[in-house]
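Engineer: A single structure is presented below for examination.
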Amino acid sequence: MVRLFVVLTAAGSGTRLGCGMPKALVPVAGRPLLEWALKGLPSCDFVVVNAPSAQLDRFQSVVSGFDFPTLVVPGGSSRQGSVAAALRALINAVGPARDDDLVLVHDAARPFTPSAVFDRVVAALRDGHRAVVPALAVTDTIKVVAPRTRPDEPVEIVTTTPNRATLRAVQTPQGFYLHELAALHERFAERAIAESTAFSDDAALYEATNQPVVTVVGDYAAYKITTPADLTLAEFQHSPHR
2 MVRLFVVLTA AGSGTRLGCG MPKALVPVAG RPLLEWALKG LPSCDFVVVN
52 APSAQLDRFQ SVVSGFDFPT LVVPGGSSRQ GSVAAALRAL INAVGPARDD
102 DLVLVHDAAR PFTPSAVFDR VVAALRDGHR AVVPALAVTD TIKVVAPRTR
152 PDEPVEIVTT TPNRATLRAV QTPQGFYLHE LAALHERFAE RAIAESTAFS
202 DDAALYEATN QPVVTVVGDY AAYKITTPAD LTLAEFQHSP HR
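Residue 2 is where the sequence shown starts when you use the working numbering, and the numbers rise one by one after that.
Listed below in C-alpha cells is the structure:
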C-alpha cells in the first residue's frame, strides 16, 4: 500500500505579524495556526512538524491533541534546511523510503487550504507525475527590476515585463516521491545554510536538475498568512461569531 507522509513547515518567527511569538502559535478564532493546519491535513501515515528550537515543547503540546503519528523537530537556518531536517527525521522514524512513498510539504502559514487542493496534488502524483505544485493564475502585471544600487535608493529600474499568461503563483502542499525529494535535499545541502542561497520551495530543487514540475489548480482560500492584514482576514473568516 502506498504510504502518504506530510512535512509541515512551521518554524517561522512571525516577525512581520508583530505578535511576539512564532507564527504557527498565533491564534485565529482562539486556535493557533498550527492547530488549524493540522486539522486540515488529509489522512496520512506520519506527520513531521518543524518548530523553532526554543519552542519544541509548546509545539508538542499542540500536536499531542491529534491521533495520527506526529514528530516535532527543530527547523533549520532556512526553509530548505527545515524541510531537509524533517525528511531525515521522517525516514529515521518510518524506515527507508519505498519507491512509491509520497510526501507532501505544506506550510503551516496556509492553514485553511481546502481538502480538494490536497486531493488534486495526490491524484497527480498517483498519475505518475514526480513533482506537483498547486498554483493560481497571476492577475496583476508583473515587473522585473534591477537590484538597487544602494540600500536607500528610492526607486527601482524596471528591466522587463513578463507575459502574465505564463506566470503562476505557487502554493502548498507541494507533492513528491519521498526518496527522490530526500536525495535532492542531500544533493543541495550546501545551499540550505542561509536564506540568501536556499531554494524558496521544494519544486525548485527539481527545476535545478531539469526534472519536470507540473501544476494543479490551487485555491484562493490557501492564502499565506504573512502580514497583520492576512491575520485580520483569517480572524474575520473563521470567527465563530460571524
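Backbone N, C-alpha and C define an ideal beta-carbon position, used for all residues, glycine too.
In whole angstroms, what separates the C-alpha of G77 from that of A193?
Structural biologist: Within the sequence shown, numbered from 1, the residue matching residue 77 stands at position 76. Within the sequence shown, numbered from 1, the residue matching residue 193 stands at position 192. Cα to Cα, the separation comes out at about 8 angstroms.
Engineer: Among H186, E236, D231 and V3, whose alpha-carbon lies nearest the alpha-carbon of A209?
Structural biologist: One-based indexing of the sequence shown puts residue 209 at position 208. Ranking the options by Cα distance to A209, first place goes to H186.
Engineer: Taking the straight line between their C-alpha atoms, what separation do you get for M2 and P97?
Structural biologist: Looking up residue 2 in the sequence shown gives position 1. Looking up residue 97 in the sequence shown gives position 96. Each residue's alpha carbon lies about 15 angstroms from the other.
Engineer: Apart from the five residues on each side of it in sequence, which residues of its chain come closer than 7 angstroms, Cβ to Cβ, to K144?
Structural biologist: Here the question's residue 144 lines up with position 143 in the sequence shown. Closer than 7 angstroms at Cβ, skipping near neighbours: V159 and T162.
Engineer: Measuring CB to CB, does V134 end up less than 7 angstroms from A204?
Structural biologist: Here residue 134 corresponds to residue number 133 of the sequence shown, with the count starting at 1. Here residue 204 corresponds to residue number 203 of the sequence shown, with the count starting at 1. Contact: yes.
Engineer: In whole angstroms, what separates the C-alpha of E181 from that of R151?
Structural biologist: Taking the first residue of the sequence shown as 1, we reach residue 181 at position 180. Taking the first residue of the sequence shown as 1, we reach residue 151 at position 150. Going from the Cα of E181 to the Cα of R151 covers about 41 angstroms.
Engineer: If you draw a straight line from the alpha carbon of L234 to that of A132, how long is it in whole angstroms?
Structural biologist: By one-based count along the sequence shown, residue 234 stands at place 233. By one-based count along the sequence shown, residue 132 stands at place 131. Near 31 angstroms, if we compare the C-alpha coordinates of A132 and L234.
Engineer: What is the C-beta distance between F119 and P70, in whole angstroms, given that I count them as a contact (C-beta under 8 angstroms)?
Structural biologist: By 1-based counting over the sequence shown, the position of residue 119 is 118. By 1-based counting over the sequence shown, the position of residue 70 is 69. The pair is not a contact, with the Cβ atoms about 18 angstroms apart (cut-off 8 angstroms).
Engineer: Go ahead and label T261 buried or exposed: buried means 16 or more other beta carbons lie within 10 angstroms of its beta carbon, across all protein chains shown.
Structural biologist: The structure shown does not extend to residue 261, since the chain is modelled only from 2 through 243, so no value can be given for it.
Engineer: Just how far apart, CA to CA, sit C20 and V48?
Structural biologist: Mapped onto the sequence shown, residue 20 falls at position 19. Mapped onto the sequence shown, residue 48 falls at position 47. Taking the straight line from one Cα to the other gives about 26 angstroms.
Engineer: Nearest CA to the CA of R80: which residue from Q61, V63 and P53?
Structural biologist: Counting from 1 along the sequence shown, the entry for residue 80 is found at position 79. When each option's Cα is compared against that of R80, the closest is P53.
Engineer: If contacts are defined as beta-carbon pairs under 8 angstroms, then A110 and K225 qualify, I think. What distance do you get, rounded to the angstrom?
Structural biologist: Here residue 110 refers to the residue found at position 109 of the sequence shown. Here residue 225 refers to the residue found at position 224 of the sequence shown. At roughly 5 angstroms, the Cβ-Cβ gap stays under 8 angstroms, so A110 and K225 are in contact.
Engineer: Can you tell me whether A52 is helix, strand or coil according to DSSP?
Structural biologist: As a position in the sequence shown, residue 52 is number 51, starting the count at 1. In this structure, A52 counts as strand in the three-state DSSP scheme.
Engineer: Look up P229 in the DSSP assignment and say whether it is helix, strand or coil.
Structural biologist: Counted from its first residue, the sequence shown places residue 229 at position 228. P229 falls in the helix class under three-state DSSP.
Engineer: How many angstroms separate the CA atom of S240 from the CA atom of V29?
Structural biologist: In the sequence shown, the residue the question calls residue 240 occupies position 239. In the sequence shown, the residue the question calls residue 29 occupies position 28. Straight-line Cα distance between these residues: approximately 8 angstroms.
Engineer: Pick out the complete alpha helix (DSSP H) segments inside the region 173-242, 4 residues or longer, and give them in chain order.
Structural biologist: 179-188, 204-209 and 229-239, all fully within the region 173-242.
Engineer: According to the Cβ coordinates, are F177 and V104 closer than 7 angstroms?
Structural biologist: Residue 177 sits at position 176 when you count from the first residue of the sequence shown. Residue 104 sits at position 103 when you count from the first residue of the sequence shown. A contact, by the Cβ cut-off of 7 angstroms.
Engineer: At 4 residues or longer, what runs of the alpha helix (DSSP H) sit wholly inside the region 2-43?
Structural biologist: List check, alpha helix (DSSP H) in window: 34-40.
Engineer: Could you give the DSSP three-state label for V156: helix, strand or coil?
Structural biologist: Your numbering for residue 156 matches position 155 in the sequence shown. Looking at V156 - three-state DSSP - the assignment turns out to be coil, as it is neither helix nor strand.
Engineer: Check the C-beta distance from P33 over to S116 and give it rounded, since I have them as a contact under 8 angstroms.
Structural biologist: Translated into positions along the sequence shown, residue 33 becomes position 32. Translated into positions along the sequence shown, residue 116 becomes position 115. Not quite, the Cβ-Cβ distance comes to about 20 angstroms (not below 8 angstroms), so this is no contact.
Engineer: In whole angstroms, what separates the C-alpha of S83 from that of A12?
Structural biologist: Within the sequence shown, residue 83 is the residue found at index 82, counting from 1. Within the sequence shown, residue 12 is the residue found at index 11, counting from 1. The alpha-carbon atoms of S83 and A12 are separated by roughly 8 angstroms.
Engineer: Would you kindly work out how many angstroms separate the C-alpha atoms of A136 and G41, rounded to a whole number?
Structural biologist: Start at 1 with the first residue of the sequence shown, and residue 136 comes out as number 135. Start at 1 with the first residue of the sequence shown, and residue 41 comes out as number 40. One C-alpha to the other measures close to 18 angstroms.
Engineer: Run through DSSP, which three-state label would A136 get?
Structural biologist: Working through the sequence shown from its first residue, we reach residue 136 at position 135. Strand.
Engineer: Going by DSSP, what residue range makes up the alpha helix (DSSP H) through R89?
Structural biologist: Indexing the sequence shown from 1 puts residue 89 at position 88. Looking at the DSSP string, the run of the alpha helix (DSSP H) that includes R89 is R80 to V95.
Engineer: Which same chain residues end up closer than 6 angstroms to D220 when comparing Cβ atoms and leaving out the 5 residues on each side of it in sequence?
Structural biologist: In the sequence shown, counting from the first residue as 1, residue 220 sits at position 219. P115 and V118, listed in sequence order.
Engineer: Whole angstroms are fine: how far does the CA of R59 sit from the CA of M22?
Structural biologist: As a working note, residue 22 is residue 21 in the sequence shown. As a working note, residue 59 is residue 58 in the sequence shown. About 11 angstroms.
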